[in-house]
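Asker: Can you keep this structure in mind? I'll have questions shortly.
Protein chains: 4
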Amino acid sequence: MKTPDKRHDIMKAALELIAERGFHGAPMAMIAEKAGVSAGTIYRYFENKEALINDLNRELEGNIMKSLQTGYLREKPLRERFLHLASALCKYLLDHPVHFRFIEQYYNSPYGVNLRRERLLGKPNGDDIFRSLFEEGIKQQILKDLPLPLLFALAFGPILAMMRDHVFGFIVLNDTLMKKTLEACWDGVKR
Amino acid sequence: MKTPDKRHDIMKAALELIAERGFHGAPMAMIAEKAGVSAGTIYRYFENKEALINDLNRELEGNIMKSLQTGYLREKPLRERFLHLASALCKYLLDHPVHFRFIEQYYNSPYGVNLRRERLLGKPNGDDIFRSLFEEGIKQQILKDLPLPLLFALAFGPILAMMRDHVFGFIVLNDTLMKKTLEACWDGVKR
Amino acid sequence: MKTPDKRHDIMKAALELIAERGFHGAPMAMIAEKAGVSAGTIYRYFENKEALINDLNRELEGNIMKSLQTGYLREKPLRERFLHLASALCKYLLDHPVHFRFIEQYYNSPYGVNLRRERLLGKPNGDDIFRSLFEEGIKQQILKDLPLPLLFALAFGPILAMMRDHVFGFIVLNDTLMKKTLEACWDGVKR
Amino acid sequence: MKTPDKRHDIMKAALELIAERGFHGAPMAMIAEKAGVSAGTIYRYFENKEALINDLNRELEGNIMKSLQTGYLREKPLRERFLHLASALCKYLLDHPVHFRFIEQYYNSPYGVNLRRERLLGKPNGDDIFRSLFEEGIKQQILKDLPLPLLFALAFGPILAMMRDHVFGFIVLNDTLMKKTLEACWDGVKR
DNA sequence: GATGAATGAGCGTTCATTCAT
DNA sequence: CATGAATGAACGCTCATTCAT
Numbered sequence: 000m001k002t003p004d005k006r007h008d009i010m011k012a013a014l015e016l017i018a019e020r021g022f023h024g025a026p027m028a029m030i031a032e033k034a035g036v037s038a039g040t041i042y043r044y045f046e047n048k049e050a051l052i053n054d055l056n057r058e059l060e061g062n063i064m065k066s067l068q069t070g071y072l073r074e075k076p077l078r079e080r081f082l083h084l085a086s087a088l089c090k091y092l093l094d095h096p097v098h099f100r101f102i103e104q105y106y107n108s109p110y111g112v113n114l115r116r117e118r119l120l121g122k123p124n125g126d127d128i129f130r131s132l133f134e135e136g137i138k139q140q141i142l143k144d145l146p147l148p149l150l151f152a153l154a155f156g157p158i159l160a161m162m163r164d165h166v167f168g169f170i171v172l173n174d175t176l177m178k179k180t181l182e183a184c185w186d187g188v189k190r
Numbered sequence: 000m001k002t003p004d005k006r007h008d009i010m011k012a013a014l015e016l017i018a019e020r021g022f023h024g025a026p027m028a029m030i031a032e033k034a035g036v037s038a039g040t041i042y043r044y045f046e047n048k049e050a051l052i053n054d055l056n057r058e059l060e061g062n063i064m065k066s067l068q069t070g071y072l073r074e075k076p077l078r079e080r081f082l083h084l085a086s087a088l089c090k091y092l093l094d095h096p097v098h099f100r101f102i103e104q105y106y107n108s109p110y111g112v113n114l115r116r117e118r119l120l121g122k123p124n125g126d127d128i129f130r131s132l133f134e135e136g137i138k139q140q141i142l143k144d145l146p147l148p149l150l151f152a153l154a155f156g157p158i159l160a161m162m163r164d165h166v167f168g169f170i171v172l173n174d175t176l177m178k179k180t181l182e183a184c185w186d187g188v189k190r
Numbered sequence: 000m001k002t003p004d005k006r007h008d009i010m011k012a013a014l015e016l017i018a019e020r021g022f023h024g025a026p027m028a029m030i031a032e033k034a035g036v037s038a039g040t041i042y043r044y045f046e047n048k049e050a051l052i053n054d055l056n057r058e059l060e061g062n063i064m065k066s067l068q069t070g071y072l073r074e075k076p077l078r079e080r081f082l083h084l085a086s087a088l089c090k091y092l093l094d095h096p097v098h099f100r101f102i103e104q105y106y107n108s109p110y111g112v113n114l115r116r117e118r119l120l121g122k123p124n125g126d127d128i129f130r131s132l133f134e135e136g137i138k139q140q141i142l143k144d145l146p147l148p149l150l151f152a153l154a155f156g157p158i159l160a161m162m163r164d165h166v167f168g169f170i171v172l173n174d175t176l177m178k179k180t181l182e183a184c185w186d187g188v189k190r
Numbered sequence: 000m001k002t003p004d005k006r007h008d009i010m011k012a013a014l015e016l017i018a019e020r021g022f023h024g025a026p027m028a029m030i031a032e033k034a035g036v037s038a039g040t041i042y043r044y045f046e047n048k049e050a051l052i053n054d055l056n057r058e059l060e061g062n063i064m065k066s067l068q069t070g071y072l073r074e075k076p077l078r079e080r081f082l083h084l085a086s087a088l089c090k091y092l093l094d095h096p097v098h099f100r101f102i103e104q105y106y107n108s109p110y111g112v113n114l115r116r117e118r119l120l121g122k123p124n125g126d127d128i129f130r131s132l133f134e135e136g137i138k139q140q141i142l143k144d145l146p147l148p149l150l151f152a153l154a155f156g157p158i159l160a161m162m163r164d165h166v167f168g169f170i171v172l173n174d175t176l177m178k179k180t181l182e183a184c185w186d187g188v189k190r
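Residue numbers (numbering that gives the first Met the number 0), protein chains in the order written: chain A, 0 to 190; chain B, 0 to 190; chain C, 0 to 190; chain D, 0 to 190.
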C-alpha cells in the first residue's frame, strides 16, 4: 500500500535524519530512501535541499505555535499566561525531541539566522503570541522594562538550554523540576 | 615580510572562517588561503581538521577562563561574584564576537557535545569556577536548589541568547542594558 | 551509442590499467575516464577501490577455474590430469596476459596475501581442484610426500615465472616449449 | 654518537620500511626519520626515491651473489654445484627475510621489470654464475635442453614461491623440507 | 509524474621534492 | 653539508542536482 502523500513522507524522513545526524549527515539520497521515493522525486516537491529545510522549519514552527494556543486564555493573569506558554512549549519539545533537535540545528545554521533577521526586521506579526504578551507585561509594569529580544532571551534561553541538556541526557527532567525552572524564568523576567 | 608564526595564522584564519561560515563552509583549502599558507602546511601543525577545531576551542576557552578570573575575589559576596563572572563573560564575548560565533558552532556540533559529556560525567574539575560558585550558593541556600545543569541553563541561557541577538544585530547592547539583564539572570537563579 | 553495461566497462578499464601500471598507477579518475564514465559513477557499482579490485580478482579467478574444468576428466591417470590442468592454466594466461598481470599484482599486495591466508587456514574448499589432485597424488604415493604449499610451489612456481617471462617478452613460448616445461614441472612433483 | 655513514643508514631504513610496508607505505619522511636524518638529506645521497630503491636493490643483489660464491667450487659435479647454489640462496633468504621481502616487491614493480629487461637484452654478463652453470649443463646434456629463462623458471620459481610461503607463515621450513624441495627442483631441470 | 543512473565539483588528506637558513 | 618547513598536485571519495526513460 502506497502512501499517497509523498511530500509528507519526504519531510518526515528529512526531519528525522537531520535531527539525528545533522544537515550534512543527511544526504538527499538517504532522505529519499527513508521516504520511500527516488532521489529525483524530492525535486518535484522542493526546489532544492535548502527549500526542503526551510519548509520543514516553517511547518514545525506552525505546529508549535498551534499547540501553544490551545488552552491559552487571554483573560487569565499575565503570570499564569506566561507559565502556560512556557510549559506548553516545554511539553511540546519534550514530546517531540526530534523536532527540537531539528529546530536547534536550523537556528544554528545560516538558514535560521536569515529567517530570524527577516522576522525581526519585518513588520510586527500580529499573531505573535509571545510578543503581545511581553508588550502587555511591560506596559502594565509587571515585566522588566527591557527590549523585547532581551525578555525573550531571559524567558526562552533557559528553556532551550534545559531542553538541550535533557535531549543529550545530561539531566532527566520531571514535572517538578520543569515547573521550578519555569518559575525561575518568570523570576527572571518579572519586575 | 611574512609572519613567522604560521600556526597562529592558521588558527586565526580557521577561527574567522568557521565563525562566519560554519564548519563546512570553511574547507581546509580556504583556511589555508586565508592564512597565507598552502593546504598541506596546515597538516604540519594539526593532525587533521578535527584537531584544528579542537585546539581552537581549547584556546578560546582558555582565554575566556583567564579573563573571568582577573579581578575575581573569592571573599566577595556570592551575588557580587556571580555578577562579576557573568559580566566578564559578556564583556569578553562582546569584545570577541568572532570567538562567540565559533564557540556557539562548536558546542552545537558532535565535538562540543562529546566535550560537554566528558566534563559533566568526569570528576569535578577543581578549577571550574562556575561549578564551585553554584555549589556554594546552593549549600548556603542563596541559590535555588536545582541540579547544576539547570542553574547553568538559567544563568547562561539568557546570556548566550542575548549575545546571539547582539552579534546578529538584532539588538544593540550597552552597559545599562547588559547590567539589567545580568541582574535579571541573578533573579532567575537566586532563591 | 553507449555501452549499456557500465559495470563491465569499469572492470575492464580497471583491469587493463592495473595490469599495465599497477594499483597506484591506476587512479580512480583514470579508470573512470578509460571506462567512459565519471569518477563518481564507479562508486555506484563498487563500494570503493578495494572492492573493485577484489571483485575483479574474483571474476578472473572464476574464469580461470571454469576454463580449467572444461575437459577435465576425473577418471584419467593423475599425471594426465596434472598436465591437463597445468596446460589449461598456461593456455588461459597466454590468451589473457592482462589477466595474468593483474592477478600477479593482486597476489603481491595485502589483498592477495589475506585472501591466500584465509584459504589456507580455512576449511578445505571442496571445489579446489588442485588441492584434491595433490592430496590424492600423495596418498597414492605418486607425488612426493611434501606439504601442500611446497607441492604448489614446485608445480606453479615455474609456470608463473615462465608466464612472467613470456608476458614481458623475455621468451617466446610455443606449444613444444610449454609442453616440455610442464613435463619438467611434473618431474619436480612426482616421486 | 653519530653514525658517520648516513648513506648506509638511509638505505637500511628504506629497506626495512619497504620490506615491511611496501613502496607506498614508506614515505620519504618516514625513511628519513627512521634513518635519523632529515628528509632533505636523503636527496644529497640519492637523486630521488626511485634512485634510492634501485641502489638498494643493486646492493642486495650484490650481497646475494657474493654469498652464493663462497664455497662454490667449479670442479664439483654439476648437480652438486646446483644444489650448493640453490641452498645457499635459500639460506640467504631465510637469514634475511627483510631482503627477500624487498626484492620481491622490487621485481613486482616497474623498476624490476625494467632492470630485468636491460639485463636480458644486454650482453651476457660474464660473472653470472647461474647462467654459466646452466649453459654448461645443457651442453653436457645433463640438463634439459630448454631456453635459459625456462631453466631459471624451473629452478628458482619454486624456491621463491617457497620462500614467500615461509615468510608469510604458510609453512615452516626446516632443513629436511628445504633439502627435499631443492632436490625436487633438480628433478625439474635435469634430463 | 516518478525514477535512479550519472555527473563533476569539491572535500580532507598525503607525500615526493625543494630551498632558505 | 644538513635541515625541516613549505609546497601543491594528486589521491580516494561524497553528494546535490539533472535528465533520459
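Yeah, the Cβ is synthetic: ideal placement off N, Cα and C, and Gly gets one too.
Just to confirm, is the Cβ distance from D/Leu159 to D/Lys189 under 8 angstroms?
Answerer: For the purposes of this step, residue 159 of chain D is taken as residue 160 along the fourth sequence, with counting starting at 1. For the purposes of this step, residue 189 of chain D is taken as residue 190 along the fourth sequence, with counting starting at 1. Against a cut-off of 8 angstroms, the Cβ pair of D/Lys189 and D/Leu159 comes out as no contact.
Asker: Which chain D residues sit within Cβ distance under 9 angstroms of C/Val97?
Answerer: In the third sequence, counting from the first residue as 1, residue 97 of chain C sits at position 98. Per Cβ cutoff of 9 angstroms: no residues; C/Val97 is ~15 angstroms from chain D at best.
Asker: Per DSSP, what kind of secondary structure is C/Lys90 in: helix, strand or coil?
Answerer: Against the third sequence, residue 90 of chain C aligns to sequence position 91. C/Lys90: helix per DSSP, three-state reduction.
Asker: By how many angstroms is the C-alpha of C/Asn53 removed from the C-alpha of C/Gly61?
Answerer: Here residue 61 of chain C corresponds to residue number 62 of the third sequence, with the count starting at 1. Here residue 53 of chain C corresponds to residue number 54 of the third sequence, with the count starting at 1. Each residue's alpha carbon lies about 12 angstroms from the other.
Asker: For A/Pro157, count neighbouring C-beta atoms within 10 Å of its own C-beta (all shown protein chains included) and say buried if the count is 16 or more, exposed if not.
Answerer: If you number the first sequence from 1, residue 157 of chain A lands on position 158. That one is buried.
Asker: Flag this pair as yes or no: are the beta carbons of C/Leu55 and C/Phe101 separated by less than 8 angstroms?
Answerer: Locating residue 55 of chain C in the third sequence gives position 56, where the first residue counts as 1. Locating residue 101 of chain C in the third sequence gives position 102, where the first residue counts as 1. Yes, Cβ-Cβ distance for C/Leu55 and C/Phe101 is below 8 angstroms.
Asker: Excluding the 5 residues flanking D/Gln104 on each side, which residues of the same chain have their C-beta closer than 7 angstroms to its C-beta?
Answerer: For the purposes of this step, residue 104 of chain D is taken as residue 105 along the fourth sequence, with counting starting at 1. The residues are Ile17, Gly21, Phe22.
Asker: Using 8 angstroms as the limit for Cβ to Cβ distance, is D/Leu16 near chain C?
Answerer: Within the fourth sequence, numbered from 1, the residue matching residue 16 of chain D stands at position 17. So no, D/Leu16 is outside the interface.
Asker: Check each candidate in C/Arg163, C/Lys90, C/Asp127 and name the one with the smallest Cα separation from C/Asn269.
Answerer: Any answer about residue 269 of chain C is impossible in this case: the structure gives chain C only from 0 up to 190.
Asker: Starting from D/Ala50 and walking both ways along the alpha helix (DSSP H), at which residues does that stretch end?
Answerer: Within the fourth sequence, residue 50 of chain D is the residue found at index 51, counting from 1. Where D/Ala50 is concerned, the enclosing alpha helix (DSSP H) stretches over 48-68.
Asker: In the DSSP assignment, what are the bridge partners of C/Gln189?
Answerer: Reading the third sequence from its first residue, position 190 is the one you call residue 189 of chain C. Contrary to the premise, residue 189 of chain C reads as Lys rather than Gln in this sequence. Answer by DSSP bridge pairing, in chain order: C/Leu142.
Asker: Chain A beta carbons: is any one of them nearer than 8 angstroms to that of B/Ala183?
Answerer: On the second sequence, residue 183 of chain B is found 184 positions in, with the first residue counted as 1. Chain A contact via Cβ: present.
Asker: Tell me the rounded alpha-carbon separation between B/Lys1 and B/Ile170.
Answerer: Stepping through the second sequence from its first residue, residue 1 of chain B is reached at position 2. Stepping through the second sequence from its first residue, residue 170 of chain B is reached at position 171. Note on B/Lys1: pLDDT 47, under 50, position unreliable in the model; the coordinate value appears next. Using only the alpha carbons, I get a separation of about 39 angstroms.
Asker: List the residues of chain C whose Cβ lies closer than 8 angstroms to the Cβ of D/Ile170, in chain order.
Answerer: Position 171 of the fourth sequence, counted from the start, is the residue given in the question as residue 170 of chain D. Under the 8 angstroms cutoff, chain C gives Pro146, Pro148, Leu149.
Asker: Does the distance between the C-beta of A/Arg100 and the nearest non-hydrogen atom of the ligand SAM fall short of 7 angstroms?
Answerer: Looking at this structure, you won't find the ligand SAM or any other ligand, since it has none at all.
Asker: How many angstroms separate the CA atom of D/Asp186 from the CA atom of D/Leu82?
Answerer: Here residue 186 of chain D is taken as the residue at index 187 of the fourth sequence, counted from 1. Here residue 82 of chain D is taken as the residue at index 83 of the fourth sequence, counted from 1. Going from the Cα of D/Asp186 to the Cα of D/Leu82 covers about 11 angstroms.
Asker: How would you call D/Glu74, buried or exposed, if buried means at least 16 neighbouring beta carbons within 10 angstroms?
Answerer: Here residue 74 of chain D refers to the residue found at position 75 of the fourth sequence. Result: exposed.
Asker: Under 8 angstroms, do D/Gln139 and D/Leu51 count as touching if we go by C-beta distance?
Answerer: On the fourth sequence, residue 139 of chain D is found 140 positions in, with the first residue counted as 1. On the fourth sequence, residue 51 of chain D is found 52 positions in, with the first residue counted as 1. Not closer than 8 angstroms, so no.
Asker: For D/Gln68, tell me which candidate among D/Phe129, D/Arg163, D/Phe133 has the shortest Cα-Cα distance.
Answerer: Residue numbering aside, residue 68 of chain D sits at position 69 when the fourth sequence is read from its first letter. Answer by Cα proximity: D/Phe129.
Asker: Less than 8 angstroms between CB atoms is the rule here; does C/Glu103 satisfy it with respect to chain D?
Answerer: On the third sequence, residue 103 of chain C is found 104 positions in, with the first residue counted as 1. With 8 angstroms as the cut-off, C/Glu103 counts as an interface residue toward chain D.
Asker: State yes or no: is the C-beta of C/Glu58 within less than 8 angstroms of the C-beta of C/Met10?
Answerer: In the third sequence, counting from the first residue as 1, residue 58 of chain C sits at position 59. In the third sequence, counting from the first residue as 1, residue 10 of chain C sits at position 11. Yes; because the gap between Cβ atoms is below 8 angstroms, this pair is in contact.
Asker: For C/Val209, which of helix, strand or coil comes out of DSSP?
Answerer: There is simply no residue 209 of chain C to check, as chain C begins at 0 and stops at 190 in what is shown.
Asker: Going along chain B, which residues have a C-beta under 7 angstroms from A/Glu159?
Answerer: Here residue 159 of chain A is taken as the residue at index 160 of the first sequence, counted from 1. In the sequence on display, residue 159 of chain A carries Leu and not Glu. Residues of chain B passing the Cβ test: Gly156.
Asker: To which residues of the same chain is D/Ala165 closer than 6 angstroms at the C-beta, ignoring the five residues directly before and after it?
Answerer: Numbered from 1 along the fourth sequence, position 166 holds the residue referred to as residue 165 of chain D. The question names Ala, yet the displayed sequence has His at residue 165 of chain D. Result list for D/His165: Leu172, in chain order.
Asker: Could you round the C-beta distance between B/Ala34 and B/Lys5 to whole angstroms and report it? I think they count as a contact, below 8 angstroms.
Answerer: The count along the second sequence starts at 1 and reaches residue 34 of chain B at position 35. The count along the second sequence starts at 1 and reaches residue 5 of chain B at position 6. Contact holds; Cβ gap of about 7 angstroms.
Asker: C/Asn107 lies in the alpha helix (DSSP H); which residues open and close that run?
Answerer: The residue labelled residue 107 of chain C in the question sits at position 108 within the third sequence. It is not in any alpha helix (DSSP H) - C/Asn107 carries neither H nor E in the DSSP assignment.
Asker: Taking the alpha carbon of D/Ser66 as the point to measure from, which residue in D/Glu79, D/Glu49, D/Leu84 has its own alpha carbon closest?
Answerer: In the fourth sequence, residue 66 of chain D corresponds to position 67, counting from 1. Ranking the options by Cα distance to D/Ser66, first place goes to D/Leu84.
Asker: Within 8 angstroms of any Cβ in chain A, is that where the Cβ of B/Lys1 sits?
Answerer: Position 2 of the second sequence, counted from the first residue, corresponds to residue 1 of chain B. For B/Lys1, the predicted model reports a pLDDT of 47, less than 50, meaning its position is unreliable; a value from the coordinates is still stated below. Cβ-Cβ to chain A under 8 angstroms: no for B/Lys1.
Asker: What is the rounded straight-line gap between the Cα of A/Ser86 and the Cα of A/Ala152?
Answerer: Taking the first sequence and counting its residues from 1, the one referred to as residue 86 of chain A is at position 87. Taking the first sequence and counting its residues from 1, the one referred to as residue 152 of chain A is at position 153. Computed Cα separation, rounded: 16 angstroms.
Asker: Comparing C-alpha positions only, which one of D/Asp8, D/Pro148, D/Leu181, D/Leu132 sits nearest to D/Tyr71?
Answerer: Within the fourth sequence, residue 71 of chain D is the residue found at index 72, counting from 1. Considering only alpha carbons, the answer is D/Leu132.
Asker: With respect to the alpha helix (DSSP H) encompassing C/Pro148, which residues constitute its N-terminal and C-terminal limits?
Answerer: Residue mapping note: residue 148 of chain C aligns to position 149 of the third sequence, counting from 1. First-last of the alpha helix (DSSP H) with C/Pro148: 147-166.
Asker: Applying a beta-carbon distance threshold of less than 8 angstroms, which residues of chain D neighbour C/Leu119?
Answerer: Counting from one through the third sequence, the residue named residue 119 of chain C turns up at place 120. In chain order: Phe169.
Asker: When we look at the beta-carbon of D/Arg163 and count the other beta-carbons within 10 Å, is it buried (16 or more) or exposed?
Answerer: The residue labelled residue 163 of chain D in the question sits at position 164 within the fourth sequence. Its Cβ being crowded by 16 or more others within 10 Å, D/Arg163 is buried.
Asker: How long is the line joining the alpha carbons of B/Tyr106 and D/Met29, rounded to whole angstroms?
Answerer: The sequence position of residue 106 of chain B within the second sequence is 107, counting from 1. The sequence position of residue 29 of chain D within the fourth sequence is 30, counting from 1. Each residue's Cα considered, the two are about 37 angstroms apart.
Asker: Work out the CA separation of D/Phe167 and C/Glu49 for me, nearest whole Å.
Answerer: The residue labelled residue 49 of chain C in the question sits at position 50 within the third sequence. The residue labelled residue 167 of chain D in the question sits at position 168 within the fourth sequence. Straight-line Cα distance between these residues: approximately 21 angstroms.
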